[in-house]
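What follows is one structure encoded as structure tokens, with my remarks underneath.
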Amino acid sequence: MSAKQVVILGAGYGGLEAAKTLHRLLKKRSDVEITLIDQNPYHTLLTELHQVAGHRIEPKGVKVSIEHVLQYTKVKFVHDKIQKADLKNKKLISANHEYSFDYLILAAGSQPAYFGIPGMKEHAFTLWSLEDAQKIHDHIVHMFQLASKEQSPDKRKEMLTFVVGGGGFTGVEMMGELMEWTATLCREYNIPKEEVRLAVVEALPTICPILDEKLSKKVVNFFEKHGVEVYTNTPITEVHPEKVCMKTGDVIPTRTLIWTGGVEANEFAKELGLTLGKRNRIVVNEYLQTVEYPYVYAIGDIMEFKENGDVLPALVESALQSGKCAAQNIAAEILGTQKQKFKPELHGVMVSVGSFFAVAQIKGLPLLVGIWATIMKHLVNMHYLFGIGGFELIWDYIYDQFLYKARTYNAFIETAIGHIKRRNFTFWLVPLRIWLGIMWLTSGIQKIQAGWFGDWEMLGPGGATDATSSASIISLVSDHTPGWYAWIVENIIYPNALLFQKLIVITEIGLGIAFIFGIFTFIAGLVSIAMNINFMLSTGLPSTNTGLPDLWYIMASIAMLAGAGRSLGVDYYLIPYLRNQVRYFQKNRSFHLFKGWEW
């Protein structure tokens with residue numbers, strides 16, 4: 008009997024969630040094969056595209072390797088572009104291949120809707136793919152380059168006027184980036200900031216209409232405070248290469264219109280022969296099945312699901328929840344269990360306006376404005392990334408957002424980060440690492456020779472001697488010791504002196520071995536720093552026999568945190584192995600000791 012084929016078309020938010028859920032529910036079924044097909048080798052964080060367009064982060068900051076996400080799962084990834092679908096005969100067709108399926112999840116996403124506005128499709132930029140974001144980025148830089156050389160005031164005005172059409176979340180976030188980045192570009196190209204004109208044009212009475220009215224006003228006030236013009240009740244009627252015309256009769260001379268005024272289902276949906284609703288979205292039932300074919304499911308932006316007569320909005324959360332539900336229902340059919348009706352539960356929305364300002368409306372929390380909303384947005388992003396890729400993706404996010412930002416709003420911060428993000432060769436840390444290890448190992452051996460590993464106490468109040476060995480007892484409290492630390496020593500360490508002195512010896516020898524051989528060097532560096540801070544709390548800042556302050560231990564240990572064990576050390580092999588073990592555990596809740604070597 009051939010295996011059942013489950014195919015997911017599209018690796019967006021909903022598609023990846025469906026793939027994860029199917030793996031979790033069917034990973035032990037050898038008679039089921041799961042395939043995810045996408046035209047790109049990476050998953051795009053669509054909600055962060057404005058940051059690429061606005062030069063806040065590099066393009067890699069919105070790309071997540073699909074192979075990485077699906078590594079150690081039952082899901083097979085195929086990088087291909089589907090050109091045609093024969094749903095009746097259960098086939099997907101690309102230029103060179105055919106893919107048969109028993110169950111299909113359509114997760115092809117959406118595309119910009121132009122609403123028949125003359126010139127919009129031909130002359131406006133859109134922000135719905137990484138390629139779109141990079142085009143906007145390059146165009147804005149080009150406009151500043153041209154403006155810096157242009158002598159005609161009218162042409163210069165067109166070049167330095169940037170209009171965002173549509174005051175929804177994407178439009179507001181795009182304008183927030185423009186607001187910050189154009190200030191940086193003005194400094195770079197020596198253009199007075201007053202020459203730059205920024206405008207948001209919205210056809211509805213308010214921007215971000217999904218938000219609470221108070222939050223919408225906060226966004227408008229923030230824009231106006233920073234010189235952004237906000238037009239509401241102002242539909243765009245016509246777009247030309249050098250101007251935007253509006254229903255009110257106003258005309259804005261500009262060579263840059265970024266259109267974010269709405270989306271519709273992907274063009275692919277029109278060709279499937281399925282029942283379509285508004286904006287070409289595929290109509291689905293309560294189980295997310297299409298009307299014509301119960302084995303074909305539609306999720307995310309491509310589906311039209313109605314709850315109490317209202318169409319579910321195209322949001323990331325609705326895509327995630329629909330992807331999970333569709334996968335659960337397919338698994339239920341295969342396993343012979345009860346399918347579940349789709350019951351969306353949206354928990355809130357957030358919108359950022361630049362790097363440091365945001366607003367958030369989250370279920371169960373008061374309305375958030377400013378830095379707290381910004382923090383919440385970052386936390387939500389990291390929660391999502393952890394779900395698909397674990398701590399690795401969280402670290403990548405932190406690095407891209409805070410350590411390797413393409414630009415910052417503050418020139419001083421930008422310079423400081425520039426020093427931090429320089430990539431250096433850890434090879435040159437190897438001699439320091441080995442020398443630090445020798446020093447720790449020598450210290451541990453000397454303590455063993457001095458009797459620290461024996462049966463007599465070496466730690467205690469100053470001036471005392473051990474009754475058995477007649478050895479002088481070392482006091483951990485001096486005139487430099489803080490009161491709180493002295494209390495810890497006298498009430499915890501002294502009563503357990505034998506235990507702590509042996510722990511010190513074991514730790515010093517362990518640090519020596521770790522640094523010499525480059526094993527868990529980052530952890531060893533942290534422990535080394537902690538040990539020396541403890542020594543300094545006890546005795547202040549003593550000096551070695553050579554006169555060199557022992558503070559060098561801490562300085563050298565800090566250098567070890569840069570991954571010194573990845574050059575000529577065991578960490579070169581060990582860290583990738585452990586990383587892959589963690590990846591496997593996150594996907595399967597078990598370990599596979601030999602799979603970790605497949606890096």
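Residue numbering for the sequence shown follows my numbering, beginning at 8 and increasing consecutively. All residues carry an ideal CB built from backbone N, CA and C; glycine is no exception. Everything numeric in this text was worked out from a predicted model, so none of it was measured.
In this structure, how does DSSP classify residue i when only helix, strand and coil are distinguished?
i, result
"I41", "strand"
"D317", "strand"
"T191", "helix"
"F507", "helix"
"Y591", "helix"
"A365", "strand"
"A571", "helix"
"N552", "Any reading at N552 must be qualified, since the residue scores a pLDDT of 49, below 50, and its modelled position is unreliable; no value is offered."
"A478", "Reliability fails at A478, whose pLDDT of 48 lies under 50, so the model's placement of it is uncertain and the value that follows must be treated cautiously. If DSSP states are grouped into helix, strand and coil, A478 belongs with coil."
"A471", "Legend: pLDDT at A471 = 48, less than 50; position of this residue unreliable, value from coordinates given subsequently. Three-state result, A471: coil."
"Q453", "helix"
"K346", "coil"
"H146", "helix"
"L375", "strand"
"I15", "strand"
"F598", "coil"
"F460", "coil"
"F84", "strand"
"I526", "coil"
"A339", "helix"
"A583", "Rather than Ala, the amino acid found at residue 583 in this sequence is Pro. In this structure, P583 counts as helix in the three-state DSSP scheme."
"P489", "coil"
"L483", "coil"
"S545", "helix"
"P160", "helix"
"V577", "coil"
Of all the options the options, which has the alpha carbon lying nearest to the alpha carbon of residue i?
i, options, result
"A18", "I526, L113 and H30", "L113"
"G355", "G371, K346 and T344", "G371"
"K81", "G343, K34, I89 and I516", "K34"
"A60", "P48, V484, V534 and E187", "E187"
"N587", "S574, V76, A102 and F275", "V76"
"G396", "K221, A305, S107 and N595", "N595"
"G361", "Q58, F122 and I369", "Q58"
"I530", "I198, L568, Q118 and T514", "L568"
"L205", "V484, I265 and H487", "I265"
"F434", "P502, A571 and I495", "A571"
"T267", "H487, C215 and Y110", "C215"
"T282", "A154, L518, E299 and L585", "E299"
"E180", "H62, Y121, E201 and M389", "H62"
"F409", "E220, Y49, G68 and T51", "G68"
"N273", "F312, Y196, V227 and W135", "W135"
"M166", "G343, G174, L518 and L153", "L153"
"L211", "H146, K27, N240 and L533", "N240"
"K88", "P66, P48 and T54", "P48"
Residue i and residue j look like a contact to me (Cβ under 8 Å); what is the Cβ gap, rounded to whole Å?
i, j, result
"A25", "L279", "About 18 Å; that fails the 8 Å criterion."
"N287", "K277", "6 Å"
"H247", "G126", "6 Å"
"F527", "I441", "About 15 Å separates the two Cβ atoms, so there is no contact after all."
"I73", "D45", "7 Å"
"S564", "S545", "Going by Cβ atoms, the distance from S564 to S545 rounds to 18 Å, so no, they are not a contact pair."
"E40", "Q12", "5 Å"
"P260", "K250", "5 Å"
"V323", "Y20", "5 Å"
"K350", "V318", "Contact doesn't hold; Cβ gap of about 15 Å is too wide."
"V203", "T191", "That belief does not hold up - the Cβ atoms of V203 and T191 are roughly 11 Å apart, past 8 Å."
"F151", "K142", "Between K142 and F151 the Cβ distance is about 15 Å, and since that is not below 8 Å, they are no contact."
"V237", "A321", "Contact flag wrong, Cβ pair sits at about 24 Å."
"Y304", "I337", "7 Å"
"A334", "M357", "Rounded, the Cβ-Cβ distance is 26 Å, inconsistent with contact."
Pull the bridge partners of residue i from the DSSP assignment, please.
i, result
"F132", "I265"
"I100", "K91 and E105"
"V170", "A206 and L264"
"G355", "I369"
"P119", "V270"
"A305", "L113"
"I289", "L283 and M310"
"V323", "In the DSSP output, where bridge partners are listed per residue, V323 has none listed."
"T297", "V291"
"S72", "Y49"
Would you list, in sequence order, the uninterrupted beta strand (DSSP E) runs of no fewer than 3 residues that lie entirely inside the segment 22-70? 39-45 and 49-51
Which full runs of the beta strand (DSSP E) of 3+ residues lie inside the segment 214-272, going along the chain? 235-238, 243-247, 250-253, 258-260, 263-266 and 270-272
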